[in-house]
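Undergrad: If you're matching positions, the sequence shown starts at 29 in my numbering and goes up one per residue.
Glycine included, every Cβ here is placed at the ideal spot set by N, Cα and C.
So that we are looking at the same thing, I have put the structure below in structure tokens.
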Amino acid sequence: MSIRRVDAPGLFPDAPYHYAAVAGPGDLVFAAGACPLDESGDVVDGADIPAQTRRCVANLRTALEAAGAGFGDVLKTTVYVASAEQVDLVRAWDVVAEAFGDARPPSTLLGVSVLGYTGQLVEIEAVALRRG
29 MSIRRVDAPG LFPDAPYHYA AVAGPGDLVF AAGACPLDES GDVVDGADIP
79 AQTRRCVANL RTALEAAGAG FGDVLKTTVY VASAEQVDLV RAWDVVAEAF
129 GDARPPSTLL GVSVLGYTGQ LVEIEAVALR RG
């Protein structure tokens, strides 16, 4: 089995991980958790969960595209929200659901106590299958 690690142009270049990995033979794409970071590596959008989620969605799209996949290729997502309030989870989920539209991949939505970057409230990871 081969593994190709992918760094995505336009995303923070000094992240301590690759943005995706493609496993073969075949074309499984494993996307790192997309964070609400700008190109400088700073968390954006303060305490605004929907805005942070939109940035995570955009960064996930960029990472998947760099690996040759798109939202229609996603097999599963996991969405993490740093909150104990169910309403906050739903606010994040509404953004994710709108972004994926009719694709509606199986997903897990979790409330967690803390995420990796100071001020980070949302993270989204995905597994996709490239289709030639």
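Measuring CA to CA, which of ALA36, VAL142, THR136 and VAL124 is closest to ARG83?
TA: VAL124
Undergrad: For ALA97 and ALA79, what's the separation of their Cα atoms in angstroms?
TA: 24 Å
Undergrad: One question on the structure: do VAL150 and THR81 come within less than 8 Å of each other, judged by their Cβ atoms?
TA: yes
Undergrad: Mapping the DSSP letters down to three states, classify PHE99 as helix, strand or coil.
TA: helix
Undergrad: Rank THR105, VAL140 and ASP76 by C-alpha distance to the C-alpha of ALA127 and give the top, closest one.
TA: Cα-wise, what sits closest to ALA127 is THR105.
Undergrad: Classify PHE58 as helix, strand or coil using the three-state DSSP reduction.
TA: strand
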